[in-house]
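Novice: Protein sequence lines, in the order shown, are assigned to chains F and Y.
As numbered in our numbering, the first sequence has no gaps in its residue numbers, which increase by one up to the final residue, 338.
As numbered in our numbering, the second sequence has no gaps in its residue numbers, which increase by one up to the final residue, 1329.
Ideal Cβ positions, reconstructed from N, Cα and C, are used throughout, including at glycine.
Note that this is a predicted model, so its numbers are computed, not measured.
Okay, handing you the structure first.
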Amino acid sequence: MSVYPHTLPAGRGRGRRSSLRSWRWRDRIVYLLAWLSGLSLCLIAAAIVLYLLVRGIQYVSPSLILTRPTAGIGQNQIGGILDPLLGTLLLVALGTAIATPIGVCSAVWIVEYGRGRLGRRLARVVESSIEIVAGTPDIVIAILALALFQVGALSFLSFTASGGGVYGRSFLTAGAAVALLAIPPVFLATRDGLEALPGHQREGAFALGKTRIATIRRVLLPGIRPNIATGVTLGMGRIVGDTAIVFLLLGVGAAERIEPQGGVPGLGILRGTGSTLTSYIYSNSPAGEGNAPQKAYAAAFVLLAMVLALNAIAGFVSRRGSAGGMSLGDRVRLGGWS
Amino acid sequence: MLERLRHPWSDRRAELVLGAAACSVGLAILLMVVFVARGAWPTFAHNGLAWLGSGGNPETQIGNMLHTGPHPVAAAYHLRAWPLIYGTLLSTGLALLLGLPFALLSAIFLVEFAPRAVQRLLTPVVRLLAAVPSVIYGLLGVLVLAPFVGNHVISPAQKRSVEYVVQLDGTGLAVAVIVLALMIVPIMVALIADALAAVPAAWREGAVALGVNPLRATLAVSLRAIRPAIAAAAAFACARAVGEAVMIAMVSGENAFAPKPWDGVVFLFEPMLTLAASIFRNADSLSAPAIRSSLDAFALLLLLAAFALSLGSYLVKLPLRRHHAGARP
Chain F
1 MSVYPHTLPA GRGRGRRSSL RSWRWRDRIV YLLAWLSGLS LCLIAAAIVL YLLVRGIQYV
61 SPSLILTRPT AGIGQNQIGG ILDPLLGTLL LVALGTAIAT PIGVCSAVWI VEYGRGRLGR
121 RLARVVESSI EIVAGTPDIV IAILALALFQ VGALSFLSFT ASGGGVYGRS FLTAGAAVAL
181 LAIPPVFLAT RDGLEALPGH QREGAFALGK TRIATIRRVL LPGIRPNIAT GVTLGMGRIV
241 GDTAIVFLLL GVGAAERIEP QGGVPGLGIL RGTGSTLTSY IYSNSPAGEG NAPQKAYAAA
301 FVLLAMVLAL NAIAGFVSRR GSAGGMSLGD RVRLGGWS
Chain Y
1001 MLERLRHPWS DRRAELVLGA AACSVGLAIL LMVVFVARGA WPTFAHNGLA WLGSGGNPET
1061 QIGNMLHTGP HPVAAAYHLR AWPLIYGTLL STGLALLLGL PFALLSAIFL VEFAPRAVQR
1121 LLTPVVRLLA AVPSVIYGLL GVLVLAPFVG NHVISPAQKR SVEYVVQLDG TGLAVAVIVL
1181 ALMIVPIMVA LIADALAAVP AAWREGAVAL GVNPLRATLA VSLRAIRPAI AAAAAFACAR
1241 AVGEAVMIAM VSGENAFAPK PWDGVVFLFE PMLTLAASIF RNADSLSAPA IRSSLDAFAL
1301 LLLLAAFALS LGSYLVKLPL RRHHAGARP
């Protein structure tokens, strides 16, 4: 099946080539430019992937991935990327664990409940506030979240300096902030999936005497599982690729190790600071503090591989969704770089 | 505890729980905006409207705030943000100018002219380009593109012509704009291609039947029909570009210098900084109250800009929605 099935049959094949001769010069030039720009997009993508692949093969090794970073001078002394890699995985897990229930619950409430005068009005407010979150730059979300988590009452969530200053920096606070990046895709995918379900599924369940919530849990949600999975995967992609929130809420500069806070083992890591692949790349680029391009390239290769894998998974699951696959525009709008 | 959750919920209780989850996002955002607006107040109060004006280098001014203590005096808040605002407008505007024609041509190619095999290749390519994290774009910009521009594009004479003001090493406006354009093009291609594919095929077929060639038919009929969608795509891309922090912080030359158009071609190679990139660069000195207040003000400004652009993109699409709603049987 073609991606854009309606295109004109006259626009392709031998018919087009023979008619191209009768076109005016200006039209031929525009036509040529359209081809050129389409192909150059392919070339640019291929160049980015191949360049990072070559660099990755050059610099990535099992020992690099399995050693912890150490403070040092020069590219040979600063160790591997184990901590950033684990940091990325932990942050993705935390972010999706927070975002998925909120996104799914909001979508279910808006589509299945949210009735009555007040309910409808509230539903519109919730919908537009999620749209606003989707359009807010991540650096702004970072500053907003920092303002919230530096309030004294929330200090138990994060790293606290010896003087008692609340920095608002920890895996927990960063996880809550990146959850805001993942909520819009989860919400919109779930909402569109629910709206695309045929009405007789609900009516059949109601006719059997099921309550609304039982219908949702036993009939509707299982039916839109692929849609939810698509939204979650796109949200994961946004979290993996985010730098600004990590930089402001997890740790600035060369603090590249996962540093637990307090005595409790599991909670200590969640309350502690650390780094992710994105912040590692930034701090090892010429713009950051440590100038170690080889390490930055290696981390960038691992990061790109993760993003490509998530991208492929999203494409694979979205085809099974009830809305018949997400359109290119929706995919890019929800899952693009942040 | 778990046993109680396993019991079937009453509808009333489920509605309340789900509704509370839905409203929590809106409430959290509201709370955050209130905190940031409160944090931004001192810098606006001490600078007045001159805050938006020009005068000096805002990066230096923020640097001066670093050691002003926990209770800074009014003079410590001195900041003139115009170079950053100008940098934001300039980089976004130029990237849009560069990216929009490219995106339009690519979208037309993708939907109307690409053979099926190329179409199948180009769709994942657009998705991929849109999914590459900005820090990777920044890394390639600063390690590949900037040295190339610095060594081969900028002539020694050009470097000498401004050396008493800024050093040109390749990082600067031109590289930032090129990478930014590359980042917003896939978004615009995807949104415009969706709109093009939604134009009823009969409209264009009608034009072709009248003897217009397929390209002219696309330009005159389809493109004209989706003008609101193009504007909305541009507004959405603008919102992304305005908020881009990491990539700009990496490739723009780390200097809040306002590029001067009257410098001629050198203008393109001069360093600059945007509001978002300035927040990112100064994030490690947030503990100084004066810096905190200034960065809160930048964030508030960006939030307003993103909100205005979202609203604009919604409003320009309204006529299109009405049309589609009317066309539906």
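Could you tell me whether the segment 222 to 230 of chain F touches the segment 1259 to 1271 of chain Y, where touching means 3 or more Cβ pairs closer than 8 Å?
Specialist: They do not touch, by the three-pair rule.
Novice: Looking at the unbroken alpha helix (DSSP H) that takes in F/Gln77, where does it start and where does it end?
Specialist: The count along the first sequence starts at 1 and reaches residue 77 of chain F at position 77. Looking at the DSSP string, F/Gln77 is not in any alpha helix (DSSP H), and its letter there is neither H nor E.
Novice: I'd like to know whether the C-beta atoms of Y/Tyr1181 and Y/Leu1098 end up nearer to each other than 8 Å.
Specialist: The residue given as residue 1181 of chain Y occupies position 181 in the second sequence. The residue given as residue 1098 of chain Y occupies position 98 in the second sequence. It should be pointed out that residue 1181 of chain Y corresponds to Ala in this sequence rather than to Tyr. Cβ distance < 8 Å, so Y/Ala1181 and Y/Leu1098 count as in contact.
Novice: Is the segment 58 to 71 of chain F close to the segment 80 to 95 of chain F, with three or more CB pairs under 8 Å?
Specialist: Counting Cβ pairs under 8 Å, three or more are found: they touch.
Novice: Please state whether DSSP places F/Pro69 in a helix, a strand or coil.
Specialist: Sequence index remark: in the first sequence, residue 69 of chain F carries index 69 (1-based). In this structure, F/Pro69 counts as strand in the three-state DSSP scheme.
Novice: Where are the alpha helix (DSSP H) runs, 4 residues long or more, that stay fully inside the segment 1039 to 1099 of chain Y, in chain order?
Specialist: As far as the segment 1039 to 1099 of chain Y is concerned, its whole alpha helix (DSSP H) runs of at least 4 residues are 1058 to 1064.
Novice: Output needed in chain order: residues of the segment 1109 to 1121 of chain Y with a Cβ under 9 Å from some Cβ in chain F.
Specialist: Against chain F - using a Cβ distance shorter than 9 Å - the residues of the segment 1109 to 1121 of chain Y are Phe1109, Leu1110, Val1111, Glu1112, Phe1113, Ala1114, Pro1115, Arg1116, Val1118, Gln1119, Arg1120 and Leu1121.
Novice: Applying a beta-carbon distance threshold of less than 7 Å, which residues of chain Y neighbour F/Trp25?
Specialist: Here residue 25 of chain F corresponds to residue number 25 of the first sequence, with the count starting at 1. Correct list: empty, because the minimum Cβ distance to chain Y is about 12 Å.
Novice: Mind checking the segment 310 to 330 of chain F against chain Y and listing, in chain order, the residues whose C-beta falls within less than 9 Å of any C-beta there?
Specialist: Going along the segment 310 to 330 of chain F in chain order, one finds Leu310, Asn311, Ala312, Ala314, Gly315, Ser327, Leu328, Gly329 and Asp330 with a Cβ nearer than 9 Å to chain Y.
Novice: Per DSSP, what are the beta-bridge partners of F/Glu259 in this structure?
Specialist: Within the first sequence, residue 259 of chain F is the residue found at index 259, counting from 1. Partner(s): F/Thr273.
Novice: Using three-state DSSP, classify Y/Tyr1137 as helix, strand or coil.
Specialist: In the second sequence, counting from the first residue as 1, residue 1137 of chain Y sits at position 137. Helix, per DSSP.
Novice: Please identify the residue among Y/Tyr1164, Y/Gly1312, Y/Ser1294 and Y/Phe1307 whose C-alpha is closest to the C-alpha of Y/Trp1041.
Specialist: Residue 1041 of chain Y sits at position 41 when you count from the first residue of the second sequence. Closest by alpha carbon: Y/Ser1294.
Novice: Check this for me: beta carbons of F/Val307 and Y/Val1132, under 8 Å apart or not?
Specialist: Translated into positions along the first sequence, residue 307 of chain F becomes position 307. Translated into positions along the second sequence, residue 1132 of chain Y becomes position 132. Their beta carbons are under 8 Å apart, which means F/Val307 touches Y/Val1132 by this criterion.
Novice: Taking 8 Å as the threshold (beta carbon to beta carbon), is Y/Trp1009 in contact with chain F?
Specialist: If you number the second sequence from 1, residue 1009 of chain Y lands on position 9. At least one chain F Cβ lies under 8 Å of Y/Trp1009.
Novice: Where Y/Ile1214 and F/Gly103 are concerned, what is the direct C-alpha to C-alpha distance, given to the nearest angstrom?
Specialist: Position 214 of the second sequence, counted from the first residue, corresponds to residue 1214 of chain Y. Position 103 of the first sequence, counted from the first residue, corresponds to residue 103 of chain F. First, the amino acid is wrong: residue 1214 of chain Y is Pro here, not Ile. In a straight line, the C-alpha of Y/Pro1214 is about 44 Å away from that of F/Gly103.
Novice: Which chain Y residues sit within Cβ distance under 8 Å of F/Gly135?
Specialist: Taking the first residue of the first sequence as position 1, residue 135 of chain F is located at position 135. Under the 8 Å cutoff, chain Y gives Phe1236, Ala1239, Ala1306, Phe1307, Leu1309 and Ser1310.
Novice: Using 8 Å as the threshold, is the segment 1239 to 1246 of chain Y in touch with the segment 118 to 133 of chain F, meaning 3 or more CB pairs across them?
Specialist: Verdict: no, contact absent.
Novice: May I ask which residues mark the beginning and end of the alpha helix (DSSP H) holding Y/Val1144?
Specialist: Here residue 1144 of chain Y is taken as the residue at index 144 of the second sequence, counted from 1. First-last for Y/Val1144: undefined, no H or E at that position.
Novice: Does the segment 1284 to 1304 of chain Y come into contact with the segment 1058 to 1073 of chain Y, if we say contact requires no fewer than three beta-carbon pairs (one atom in each stretch) closer than 8 Å?
Specialist: With the cut-off at 8 Å, the segment 1284 to 1304 of chain Y and the segment 1058 to 1073 of chain Y touch.
Novice: Where does the unbroken alpha helix (DSSP H) through F/Pro293 begin, and where does it stop?
Specialist: Sequence index remark: in the first sequence, residue 293 of chain F carries index 293 (1-based). First-last of the alpha helix (DSSP H) with F/Pro293: Pro293 to Ser318.
Novice: Check the Cβ-Cβ distances between F/Gly335 and every residue of chain Y, and say whether any is below 8 Å.
Specialist: As a first step, residue 335 of chain F must be located in the first sequence, where it is residue number 335. F/Gly335 counts as touching chain Y.
Novice: Y/Gly1055 to F/Ile239, Cα distance in whole Å?
Specialist: Position 55 of the second sequence, counted from the first residue, corresponds to residue 1055 of chain Y. Position 239 of the first sequence, counted from the first residue, corresponds to residue 239 of chain F. Going from the Cα of Y/Gly1055 to the Cα of F/Ile239 covers about 38 Å.
Novice: I'd like to know whether the C-beta of Y/Ala1231 is nearer than 8 Å to at least one C-beta of chain F.
Specialist: Position 231 of the second sequence holds residue 1231 of chain Y. Answer no: the Cβ-Cβ gap between Y/Ala1231 and chain F never drops below 8 Å.
Novice: Grab me the residues of Y/Val1111's own chain with a C-beta within less than 7 Å of its C-beta, minus the 5 sequence neighbours each way, in chain order.
Specialist: Counted from its first residue, the second sequence places residue 1111 of chain Y at position 111. Answer for Y/Val1111: Ala1193, Leu1196 and Ala1197, listed in chain order.
Novice: Please classify F/Tyr113: does DSSP put it in a helix, a strand, or coil?
Specialist: Here residue 113 of chain F is taken as the residue at index 113 of the first sequence, counted from 1. Of the three classes helix, strand and coil, the one that applies to F/Tyr113 here is coil, per DSSP.
Novice: Would you report the Cα separation of F/Pro286 and Y/Val1135, rounded to the nearest angstrom?
Specialist: As a position in the first sequence, residue 286 of chain F is number 286, starting the count at 1. As a position in the second sequence, residue 1135 of chain Y is number 135, starting the count at 1. One C-alpha to the other measures close to 12 Å.
Novice: Please name the residue in F/Arg320, F/Gly315 and F/Arg319 whose C-alpha comes closest to that of Y/Val1125.
Specialist: Taking the first residue of the second sequence as 1, we reach residue 1125 of chain Y at position 125. Taking only the C-alpha atoms, the option nearest Y/Val1125 is F/Gly315.
Novice: Roughly how many whole angstroms lie between the Cα atoms of F/Ile245 and F/Leu334?
Specialist: For the purposes of this step, residue 245 of chain F is identified with residue 245 of the first sequence, where counting begins at 1. For the purposes of this step, residue 334 of chain F is identified with residue 334 of the first sequence, where counting begins at 1. Taking the straight line from one Cα to the other gives about 18 Å.
Novice: Are the C-beta atoms of F/Arg191 and some chain Y residue less than 8 Å apart?
Specialist: For this step, residue 191 of chain F is matched to residue 191 along the first sequence. For F/Arg191, the answer is no, since every Cβ of chain Y falls outside 8 Å of its Cβ.
Novice: When you compare only the Cα positions, how much space is there between F/Asn284 and F/Ala312?
Specialist: In the first sequence, the residue the question calls residue 284 of chain F occupies position 284. In the first sequence, the residue the question calls residue 312 of chain F occupies position 312. Roughly 28 Å between the two C-alpha positions.
Novice: First and last residue of the alpha helix (DSSP H) that includes Y/Tyr1164?
Specialist: In the second sequence, counting from the first residue as 1, residue 1164 of chain Y sits at position 164. Careful: Y/Tyr1164 lies outside any alpha helix (DSSP H) and carries neither H nor E.
Novice: Name the residue from Y/Leu1122, Y/Gly1048, Y/Ala1117 and Y/Val1142 whose alpha carbon lies nearest to the alpha carbon of F/Ala296.
Specialist: Numbered from its first residue, the first sequence carries residue 296 of chain F at position 296. The candidate whose alpha carbon is nearest that of F/Ala296 is Y/Val1142.
Novice: Can you grab the Cα-Cα spacing for the pair F/Ile98 / F/Leu180, in whole Å?
Specialist: Counting from 1 along the first sequence, the entry for residue 98 of chain F is found at position 98. Counting from 1 along the first sequence, the entry for residue 180 of chain F is found at position 180. The alpha-carbon atoms of F/Ile98 and F/Leu180 are separated by roughly 9 Å.
Novice: Kindly give me the distance between the Cβ atoms of Y/Ala1256 and Y/Leu1084, rounded to whole angstroms, as I take these residues to be in contact under 8 Å.
Specialist: If you number the second sequence from 1, residue 1256 of chain Y lands on position 256. If you number the second sequence from 1, residue 1084 of chain Y lands on position 84. Confirmed, about 6 Å.
Novice: Using 10 angstroms around the beta-carbon of Y/Gly1091, count the other beta-carbons present and answer buried if the total reaches 16, otherwise exposed.
Specialist: The count along the second sequence starts at 1 and reaches residue 1091 of chain Y at position 91. The sequence shown places Ser at residue 1091 of chain Y, rather than the Gly named in the question. The residue is buried, with at least 16 neighbouring Cβ atoms inside 10 Å.
Novice: Flag Y/Asp1169 as yes if its beta-carbon sits less than 8 Å from any beta-carbon of chain F, otherwise no.
Specialist: Looking up residue 1169 of chain Y in the second sequence gives position 169. So no, Y/Asp1169 is outside the interface.
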